[in-house]
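Reviewing the structure listed below.
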Amino acid sequence: MDKSTGKVIGITGNMVTVKFDGNIAMNEVGFILVGDQKLKSEVIRINGDTAEMQVFEMTQGVSVGDTVAFSKEMLSVTLGPGLLGQVYDGLQNPLPELAEQCGFFLQRGVYLNALDGEKKWDFTPTVKKGDTLRLADSLGTVPEGIFEHQIMVPFTMPEDEYQVISIAKKGSYTIHDEIAVVKNSKGREYKLTMIFEWPVKRPVKLYAERLKPVDPMVTKVRLIDTLLPVARGGTYCIPGPFGAGKTVLQQITSRHAEVDIVIIAACGERAGEVVETLIEFPELTDPKTGKSLMERTIIICNTSSMPVAAREASVYTAVSLAEYYRQMGLHVLLLADSTSRWAQAMREMSGRLEEIPGEEAFPAYLESVIASFYERAGLVQLHNGKLGSVTIGGTVSPAGGNFEEPVTQATLKVVGAFHGLSRERSDARKYPAIHPLESWSKYEGVIDKKKVTYVTDILFRGEEVNQMMKVVGEEGTSLEDYVIYLKSDFVDYAYLQQNSFDPVDGAVSIERQQYVFDQLFRVTVGEFTLDDKDEARQYFNQLRQLFLDWNGVSWDSDSFKDIEKSIQDKIEEKWNSSDPHAKSFSGK
Amino acid sequence: MRKVYTKIESISGSVITVRAEGIKNGDLAVVTSAHGTSLANVIRLKHDLVSLQVFAGARGISTGDEVRFLGKPMQVSFSDNLLGRIFDGSGKPRDNGPVLEENMIDIGGPSVNPAMRIIPTNMIRTGIPMIDVFNSLVESQKLPIFSVSGEPYNQLLARIALQAEVDLIILGGIGLKYDDYLYFKETLEEGGAMSRTIFFVHTASDPTVEGLLVPDISLAVAEQFALAGKKVLVLLTDMTNFADAMKEIAITMEQVPSNRGYPGDLYSQLASRYEKAVDFKDAGSITVLAATTMPGDDVTHPIPDNTGYITEGQYYLKNGRIEPFGSLSRLKQQVNDKSRDDHRALMDGMIKLYASFNESQEKKSMGFRMSEWDKKLLTYGELFESKMMDLSVNIPLEQALDLGWEILSTCLEPDETGLRSELVKKYWPKEA
Numbered sequence: 007m008d009k010s011t012g013k014v015i016g017i018t019g020n021m022v023t024v025k026f027d028g029n030i031a032m033n034e035v036g037f038i039l040v041g042d043q044k045l046k047s048e049v050i051r052i053n054g055d056t057a058e059m060q061v062f063e064m065t066q067g068v069s070v071g072d073t074v075a076f077s078k079e080m081l082s083v084t085l086g087p088g089l090l091g092q093v094y095d096g097l098q099n100p101l102p103e104l105a106e107q108c109g110f111f112l113q114r115g116v117y118l119n120a121l122d123g124e125k126k127w128d129f130t131p132t133v134k135k136g137d138t139l140r141l142a143d144s145l146g147t148v149p150e151g152i153f154e155h156q157i158m159v160p161f162t163m164p165e166d167e168y169q170v171i172s173i174a175k176k177g178s179y180t181i182h183d184e185i186a187v188v189k190n191s192k193g194r195e196y197k198l199t200m201i202f203e204w205p206v207k208r209p210v211k212l213y214a215e216r217l218k219p220v221d222p223m224v225t226k227v228r229l230i231d232t233l234l235p236v237a238r239g240g241t242y243c244i245p246g247p248f249g250a251g252k253t254v255l256q257q258i259t260s261r262h263a264e265v266d267i268v269i270i271a272a273c274g275e276r277a278g279e280v281v282e283t284l285i286e287f288p289e290l291t292d293p294k295t296g297k298s299l300m301e302r303t304i305i306i307c308n309t310s311s312m313p314v315a316a317r318e319a320s321v322y323t324a325v326s327l328a329e330y331y332r333q334m335g336l337h338v339l340l341l342a343d344s345t346s347r348w349a350q351a352m353r354e355m356s357g358r359l360e361e362i363p364g365e366e367a368f369p370a371y372l373e374s375v376i377a378s379f380y381e382r383a384g385l386v387q388l389h390n391g392k393l394g395s396v397t398i399g400g401t402v403s404p405a406g407g408n409f410e411e412p413v414t415q416a417t418l419k420v421v422g423a424f425h426g427l428s429r430e431r432s433d434a435r436k437y438p439a440i441h442p443l444e445s446w447s448k449y450e451g452v453i454d455k456k457k458v459t460y461v462t463d464i465l466f467r468g469e470e471v472n473q474m475m476k477v478v479g480e481e482g483t484s485l486e487d488y489v490i491y492l493k494s495d496f497v498d499y500a501y502l503q504q505n506s507f508d509p510v511d512g513a514v515s516i517e518r519q520q521y522v523f524d525q526l527f528r529v530t531v532g533e534f535t536l537d538d539k540d541e542a543r544q545y546f547n548q549l550r551q552l553f554l555d556w557n558g559v560s561w562d563s564d565s566f567k568d569i570e571k572s573i574q575d576k577i578e579e580k581w582n583s584s585d586p587h588a589k590s591f592s593g594k
Numbered sequence: 057m058r059k060v061y062t063k064i065e066s067i068s069g070s071v072i073t074v075r076a077e078g079i080k081n082g083d084l085a086v087v088t089s090a091h092g093t094s095l096a097n098v099i100r101l102k103h104d105l106v107s108l109q110v111f112a113g114a115r116g117i118s119t120g121d122e123v124r125f126l127g128k129p130m131q132v133s134f135s136d137n138l139l140g141r142i143f144d145g146s147g148k149p150r151d152n153g154p155v156l157e158e159n160m161i162d163i164g165g166p167s168v169n170p171a172m173r174i175i176p177t178n179m180i181r182t183g184i185p186m187i188d189v190f191n192s193l194v195e196s197q198k199l200p201i202f203s204v205s206g207e208p209y210n211q212l213l214a215r216i217a218l219q220a221e222v223d224l225i226i227l228g229g230i231g232l233k234y235d236d237y238l239y240f241k242e243t244l245e246e247g248g249a250m251s252r253t254i255f256f257v258h259t260a261s262d263p264t265v266e267g268l269l270v271p272d273i274s275l276a277v278a279e280q281f282a283l284a285g286k287k288v289l290v291l292l293t294d295m296t297n298f299a300d301a302m303k304e305i306a307i308t309m310e311q312v313p314s315n316r317g318y319p320g321d322l323y324s325q326l327a328s329r330y331e332k333a334v335d336f337k338d339a340g341s342i343t344v345l346a347a348t349t350m351p352g353d354d355v356t357h358p359i360p361d362n363t364g365y366i367t368e369g370q371y372y373l374k375n376g377r378i379e380p381f382g383s384l385s386r387l388k389q390q391v392n393d394k395s396r397d398d399h400r401a402l403m404d405g406m407i408k409l410y411a412s413f414n415e416s417q418e419k420k421s422m423g424f425r426m427s428e429w430d431k432k433l434l435t436y437g438e439l440f441e442s443k444m445m446d447l448s449v450n451i452p453l454e455q456a457l458d459l460g461w462e463i464l465s466t467c468l469e470p471d472e473t474g475l476r477s478e479l480v481k482k483y484w485p486k487e488a
């Protein structure tokens, strides 16, 4: 079938209207020929013989009558070995290579291959002639950094059973070399290489079963792992006003999260922050593997000044890469910062299409688009029995810091955990600034739920007392209430707050969290002999100081044991009894 | 040969449409009317219908006026001859000097490849303790001054410009009051900085649309100088006028407004300007300081809100002082560990104490009893406000840090400061 062509008949911002002949498909990619440049665009509406296309580049210099060449293909990413460690823009152009070719600026109309075509990979076949394969079944493996990269039957082939006719011998090949020939049930033969293209807006569903996410994804942030856990294969969102620490929290998670692969989608945010990751990651070592963190990371970076339409594409590019690695039985974490910018990109296009606007001019389909994006996360059992997962964590930048706005609300409907950042906490330099009472999680954590609920209850009551004290003053508060307030303050400082710049406190293992939490729990259930408020304040200040010091020493050191002893002595010093309501589950 | 069109199909706000062929998006045209000529640029094409925004406004333009397309986008001359010159919003001289037409460069060019940026490491010293000590300004930072109208934000900008150690200053004025324009000019002349300054000034009395070009022109010129290895400081005042001009055009073009009438692409538009701030690998840098007046002191208004999400912090100017709580420099961590070993600790310590002072003050105003500690804090707060926060204070960073210790020592005991003992031992002023 011939590829269609068309002519530009209208231009508004980054949207062009095209009159075409032949057939074109929705979301098909076309190139506008401007002088000697080709501008990548995507069909977003078809009406009779005209189509609206969003252009992934600036449209300056485009004129009516320019030719458009359609490609017959949807917007796709290249999947194959060599993705890890790469830095791509939203359309999967490798940025360092682009810099080599074009210098300081992102020249429009320059598209490079996503993967190195020269590099040789050591291929080890895992199938033999005559074997029958399904889509996404492995043909063999190549080592990619710390992983065994599975070379799979391309997901894009028609659903069928394929018989292996020939398979390459063990040896080194480039991604373009033929490594297998397979035949479908009707006898048609397919030549396979190590790479294939996948349309980004289509979810990969080549698994046996999708399971309920249960195992926690450890982030090593106490507040998250203990109070607001995230499960492998789950979804969570971090809304917060500017300056509350969304990006810092994501950066910390990208370093410490216990997953196999991290994909960072910097979508419409500052270039400076991406640069930090770009420059620092190769120097940091992953404690699990001892290799550079970059070896398990892919960065998709479409910063705020890069063209808007590519920003919309970038989250899909990122999630497609995540799904690809999930098919190999790996656990992938996708961090999208920020989904609001992606939603705004949709809003801009919707406005140009003159669609009837919904709330705050976001398109009416905002909710369903957000939902279908987060639904691409999940824990799955593959056909070979292995488990793989994609966890999605997205930040939201609500206008004016107000969580009532459409993007936050649409996101809250579909995610499994909500980590809301609060302006008050960040102003008070309490980091991470996740509000412990307003946020929630539907996932199971690693710490006994009853105990966590008890502590949350203390936090809640402490907050009530604090509010009351603002009206009646310290004088008008009973000692009993005052102690509850002190306990909540103690939990906040000694456990919830965490210094991410500290080498020890920055990342806390699950074992340590459980251990420290047990001590902390003893303090919260304790009823102490305290005579007046001054004594109470002093006592809790001392406890707090001990815990802060404790958080600063490494897990297996002697000082850890010493401080633990001091804490126990301190608790015994004023110990009276433990809260009878807590006896049933405290075990002490 | 460029064709001349003499039939204007429609005029609405400052947007006109003509029927013409072979026109490119973004191209420039000259509109000649009985009241003079103005530049205009193409903002929408639909079949042969071309929409142009007229920089001088459409007032007085008749349907029979002449539109001549120049076949090129907006450009500005770039050379060392720009130094010391003053231009208006569309790049025409305002100072009776010659028109510059050599080495024309496009404005609003593509964005910088993130792979070619580096992590900034140089502090820009301003002599203002609230900036140097508490929220250090860093080379290549983009930072707005959030302020209520009536606050001395232009004075602050002028002062920073004069004292900052940069090679080049570019002032982009958008809807700048004429008095403020003269103030900038006089201050920079008196300070002897005029020879390394370029003005692109659109004043409040000029047509609104012309102001839209100022950030792009200023930043395009800045970019060229930075590529030539210069450290450039760009001042943009006031970006609220820029956003309002954008709103005006968007509404004339019948675009669906998103929030309080502002176009849906406000974030992207502002970002594409602010993101020009850059530290180039092996070349110069651009630092952008902008003024953003907050309508009604409302930080959740779309303009400051979107700006805050884009920029690397903000200085919050209120009651003639830079507020320590609303203000933030996201890049300060990159530089304040290299200045002096007490910098970070003193910065955090003094702010925490100032926060406690605010609480004590609140308690006092509610009529609660004042403890000894509260009284100490009240003295501390007053000293802090008069000696540190006052904008007239002008001392180098090291002196400001010493001043900090002095303030602490006059009203507090060492163990009340929450600072590490080794620092106290090193810096606590000895009794005279």
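Which chain is which? The protein sequence lines are H and U, in order.
Counting in this note's numbering, the first sequence runs from 7 upward without gaps.
Counting in this note's numbering, the second sequence runs from 57 upward without gaps.
Glycine included, C-beta positions come from ideal geometry on N, C-alpha and C.
Because the structure is a prediction, the values reported are computed rather than measured.
One finds nothing in chain U with a Cβ atom closer than 7 Å to the Cβ of H:Thr323; even the nearest lies about 16 Å away. Across the set H:Val522, H:Thr483, H:Val510 and H:Gln92, the C-alpha of H:Val522 shows the shortest separation from the C-alpha of H:Tyr501. Residue environment: H:Met300 is assigned as buried (16 or more neighbouring CB atoms within 10 Å of its CB, all protein chains considered). With a cutoff of 8 Å on beta-carbon distance, H:Gly274 and H:Asn308 are scored as near each other. Within the segment 301-323 of chain U, the residues whose Cβ lies closer than 8 Å to any Cβ of chain H are, in chain order, Gln311, Val312, Pro313, Ser314, Asn315, Pro319, Gly320, Asp321 and Tyr323. With fewer than three CB-CB distances shorter than 8 Å, the segment 170-189 of chain U does not count as touching the segment 320-330 of chain U. Looking at the backbone, the Cα of H:Val133 and that of H:Ser82 are separated by about 28 Å.
Beta bridge pairing from DSSP links U:Met160 with U:Ser133. H:Phe76 sits buried, since 16 or more C-beta atoms from the chains shown fall within 10 Å of its C-beta.
Among the residues facing chain U, H:Leu284 is included, as its CB has a counterpart in that chain under 8 Å away. DSSP places U:Leu227 in the strand class (E or B) of the three-state scheme.
The C-beta of U:Glu331 comes closer than 8 Å to at least one C-beta of chain H. For H:Val510, DSSP assigns no beta-bridge partner whatsoever. Exposed is the label assigned to U:Pro149, since fewer than 16 other Cβ atoms lie within 10 Å of its Cβ. Sequence-distant Cβ neighbours of U:Leu434 in its own chain, meaning closer than 8 Å and more than five residues away, are Phe413, Ser416, Gln417, Lys420 and Met426. H:Phe76 is bridged by DSSP to H:Gly36. According to the DSSP assignment, U:Val344 belongs to the beta strand (DSSP E) that extends over Ser341 to Thr349. Under the three-state reduction of DSSP, H:Tyr322 is assigned to helix. The C-beta of U:Arg173 comes closer than 8 Å to at least one C-beta of chain H. In this structure, the beta-carbon distance from H:Ile30 to H:Ala57 falls below 8 Å. Shown here for H:Ser10: same chain residues with a beta carbon closer than 7 Å to its own, the five before and five after excluded, namely Phe26, Asp27, Gly28, Asn29, Ile30 and Phe76 in chain order. Minimum Cα-Cα distance from U:Val344 among the listed residues U:Gly127, U:Met160, U:Glu195 and U:Ile99 corresponds to U:Glu195. H:Leu229 and H:Val24 have their C-alpha atoms spaced approximately 52 Å apart. Straight across, the Cα-Cα distance linking U:Leu101 with U:His399 is about 56 Å. Think of a sphere of 8 Å around the beta carbon of H:Thr65: the chain U residues whose beta carbon falls inside it are Asn81 and Gly82, in chain order. In the structure shown, U:Phe143 adopts extended strand secondary structure according to DSSP, grouped into three states.
By the beta-carbon neighbour count (other beta carbons within 10 angstroms, threshold 16), H:Ala370 is exposed.
The three-state secondary structure of H:Glu154, taken from DSSP, is strand. Bridge partners of H:Ala342 according to DSSP: H:Ala271 and H:Gly400. In the structure shown, the three-state DSSP call for H:Lys297 is coil. By the rule that beta-carbons nearer than 8 Å mark a contact, H:Ile269 does not touch chain U. Contacts with chain U (Cβ-Cβ distance below 8 Å) from the segment 87-108 of chain H involve Val93, Leu101, Pro102, Leu104, Ala105 and Cys108, listed in chain order.
Judged by beta-carbon spacing, H:Tyr179 lies beyond the 8 Å limit of H:Ile171, meaning their Cβ atoms are not closer than that value.
The Cβ atoms of H:Gly86 and H:Leu45 lie no closer than 8 Å to each other. For H:Ile15, the enclosing beta strand (DSSP E) covers residues Thr11 to Thr18.
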